[in-house]
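Presented below is the structure to which this report refers.
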Amino acid sequence: MISIAIGLSVVLLLVVLFLLFRIGTLASIFRGSSERAVGTTKTSNRVNGTLLLLFLVLGSVAFAWSFMSAWDEMNLPLASVHGEWTDDLFWTTMIVIGIVFVLTQILLFVYSYKYQHKDDKRAYYYPHNNKIEIIWTMIPAVVMALLVFGGWKTWTNITSASPEDAVVIEVMGKQFNWMVRYPGADNQLGVAKTSLISATNEFGVDFADVNAKDDFMPREIHVPKGKPVLLKIRSRDVIHSVYMPHFRLKMDAVPGMPTKFWFVPTKTTYEMQNETGNPDFKYELACAEVCGRGHFAMRFIIVVDEPEEYESWLAEQVPFVEQNPDVLASFSKNAPAKLVADAKGEEKAEVNTEL
């Protein structure tokens, strides 16, 4: 708030000074004194040029101060392997763009002062120069190509196939909360279908599938430190976005188009609490896509455990079908009909293949 107040004060001061000089110029013109008006115009040019330089200096100081004061808020502690690649790419891009921005702004304000209107000066007509055109076309093209290549390389590493021993977690977004499903001891998620979604079975899991029998749905995400974690992401209604800022993880949850993202956490929740000095610190899964009126409520707690603690937590989890036996009973009753329908579907698929 203090930085905003200072910035507004500087802007208002500059606006007031500008308006005062403009009022003086108009007053001279209305009085009909052409000589005085010309003199006032010259003075106004000098004053405006000086104000531009003053704005450059004050703006640069204010920018540097606000940047340094907000450094901790802008740079959340890092807690994943690939996050280092993301941060390196981000700051490389920011440094390159920042250098160009600073140089162009300095030239803009200095030239405005140096080449202000003067009666004894005439503009120099300089229509074209091939060498300059080639230089200021090729240098940005090469720099941008290098940045794009670096981004492509980083993105390829991040989106590569996950290791076979990765912990698999399904994350589904819906208005307005997240739901999470773990595959259980077999590390295989059961089949899920939108047609099976109900008030109890919100994931639409087909519990006639053997792989679904040990799936469980906790109220917190637990992951082990130092081991790969694969998120299988989907949405039940509109576009959401899985966002875990401390892991530098963001991936959209799109209806009808499953996505995925894998990462390796490097700091437990306890270690991050010590690093930040905040005993109440918790990793968070938030939605980064405005998805409706209750968007703000889409938060889910993430706990990073030591591998041994994670295994202990995993052993304590109860499969969904054990907590909701009525759901399993309804699938058991329909099992024969389902097997017949699946068989017909397979026969139909074979016929279509032959055709």
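For the record, in the sequence shown the residue sitting at position 258 is 266 according to this note's numbering, with numbers rising by one throughout. Just so you know, even glycine gets a beta-carbon here, dropped at the ideal spot from N, CA and C.
Residue interval of the beta strand (DSSP E) (run including residue i)
{"i": "threonine 267", "result": "267 to 271"}
{"i": "leucine 293", "result": "291 to 295"}
Rounded Cβ spacing between residue i and residue j (contact assumed at less than 8 Å)
{"i": "alanine 87", "j": "histidine 254", "result": "4 Å"}
{"i": "valine 151", "j": "valine 104", "result": "6 Å"}
{"i": "isoleucine 339", "j": "alanine 216", "result": "Per the sequence shown, residue 339 should be read as phenylalanine rather than isoleucine. Confirmed, Cβ separation roughly 5 Å."}
{"i": "asparagine 185", "j": "alanine 305", "result": "7 Å"}
{"i": "tryptophan 93", "j": "isoleucine 166", "result": "7 Å"}
{"i": "leucine 238", "j": "serine 170", "result": "4 Å"}
{"i": "aspartate 95", "j": "arginine 242", "result": "Rounded, the Cβ-Cβ distance is 28 Å, inconsistent with contact."}
{"i": "valine 179", "j": "methionine 225", "result": "Not quite, the Cβ-Cβ distance comes to about 11 Å (not below 8 Å), so this is no contact."}
{"i": "isoleucine 310", "j": "methionine 252", "result": "7 Å"}
{"i": "asparagine 113", "j": "leucine 64", "result": "For clarity, residue 113 is glutamine in the given sequence; the question names asparagine instead. With a Cβ gap of about 7 Å, glutamine 113 and leucine 64 count as contacting."}
{"i": "phenylalanine 117", "j": "leucine 61", "result": "6 Å"}
{"i": "leucine 155", "j": "threonine 101", "result": "6 Å"}
{"i": "phenylalanine 271", "j": "glutamine 281", "result": "In fact, because the Cβ distance is near 20 Å, the residues do not count as touching under 8 Å."}
{"i": "histidine 248", "j": "glutamate 297", "result": "5 Å"}
Host alpha helix (DSSP H) of residue i (start-end)
{"i": "phenylalanine 184", "result": "Phenylalanine 184 -> no alpha helix (DSSP H), and no H or E assigned at all."}
{"i": "phenylalanine 308", "result": "Careful: phenylalanine 308 lies outside any alpha helix (DSSP H), inside the beta strand (DSSP E) at 307 to 313."}
{"i": "glycine 158", "result": "138 to 166"}
{"i": "phenylalanine 328", "result": "328 to 331"}
{"i": "aspartate 80", "result": "79 to 82"}
Closest Cα partner of residue i within the set the options
{"i": "threonine 276", "options": "Glu316, Lys258, Val246", "result": "Glu316"}
{"i": "proline 327", "options": "Ser203, Asp214, Pro191, Gly302", "result": "Pro191"}
{"i": "glutamate 279", "options": "Leu62, Asp313, Cys295", "result": "Asp313"}
{"i": "aspartate 214", "options": "Leu336, Gly67, Arg54, Val23", "result": "Leu336"}
{"i": "asparagine 219", "options": "Ser203, Val118, Val199, Glu330", "result": "Val199"}
{"i": "serine 409", "options": "Ala193, Trp73, Lys258", "result": "Lying outside 9 to 363, the shown extent of the chain, residue 409 is not represented and no answer is given."}
{"i": "proline 236", "options": "Thr51, Leu60, Val89", "result": "Val89"}
{"i": "glycine 67", "options": "Val108, Arg301, Ser17", "result": "Ser17"}
{"i": "glycine 57", "options": "Ser120, Trp73, Val175, Val24", "result": "Ser120"}
{"i": "leucine 97", "options": "Gly159, Ala131, Ala153", "result": "Gly159"}
{"i": "threonine 51", "options": "Met76, Asp127, Trp73", "result": "Asp127"}
{"i": "alanine 294", "options": "Tyr318, Trp163, Lys182, Leu197", "result": "Lys182"}
{"i": "proline 333", "options": "Phe71, Asn209, Trp73", "result": "Asn209"}
{"i": "aspartate 222", "options": "Met76, Trp270, Thr284, Leu322", "result": "Leu322"}
{"i": "alanine 174", "options": "Lys240, Ile114, Tyr134, Gln113", "result": "Lys240"}
{"i": "threonine 164", "options": "Phe269, Val329, Ala131, Arg227", "result": "Phe269"}
{"i": "proline 232", "options": "Ser206, Lys201, Pro273", "result": "Pro273"}
{"i": "valine 246", "options": "Met252, Pro266, Gly234, Arg227", "result": "Pro266"}
{"i": "serine 203", "options": "Gly91, Asn53, Phe109, Gly212", "result": "Gly212"}
{"i": "asparagine 53", "options": "Tyr132, Lys122, Ser206", "result": "Lys122"}
{"i": "phenylalanine 75", "options": "Gly106, Thr284, Glu172", "result": "Gly106"}
{"i": "valine 176", "options": "Thr162, Asn195, Ser168", "result": "Asn195"}
{"i": "alanine 72", "options": "Val110, Arg130, Val55", "result": "Val110"}
{"i": "glutamate 81", "options": "Thr284, Val329, Ala296", "result": "Thr284"}
{"i": "tyrosine 291", "options": "Glu228, Ala153, Val23, Met146", "result": "Glu228"}
Bridge-paired residues (DSSP) for residue i
{"i": "serine 88", "result": "Pro273"}
{"i": "valine 176", "result": "Leu238"}
{"i": "proline 263", "result": "Ser243"}
{"i": "alanine 200", "result": "Val213"}
{"i": "tyrosine 190", "result": "Phe224"}
(message) Quick check for students: name the residue ranges of the beta strand (DSSP E) that lie wholly in the region 204 to 258, counting only runs of 3 or more.
(response) Here the runs fully enclosed are 229 to 232, 237 to 243, 248 to 252.
(request) For the region 51 to 132, list the alpha helix (DSSP H) runs that are entirely contained and at least 4 residues long, ordered along the chain. (result) Listed in chain order, the alpha helix (DSSP H) elements of length 4 or more contained wholly in the region 51 to 132 are 79 to 82, 89 to 122.
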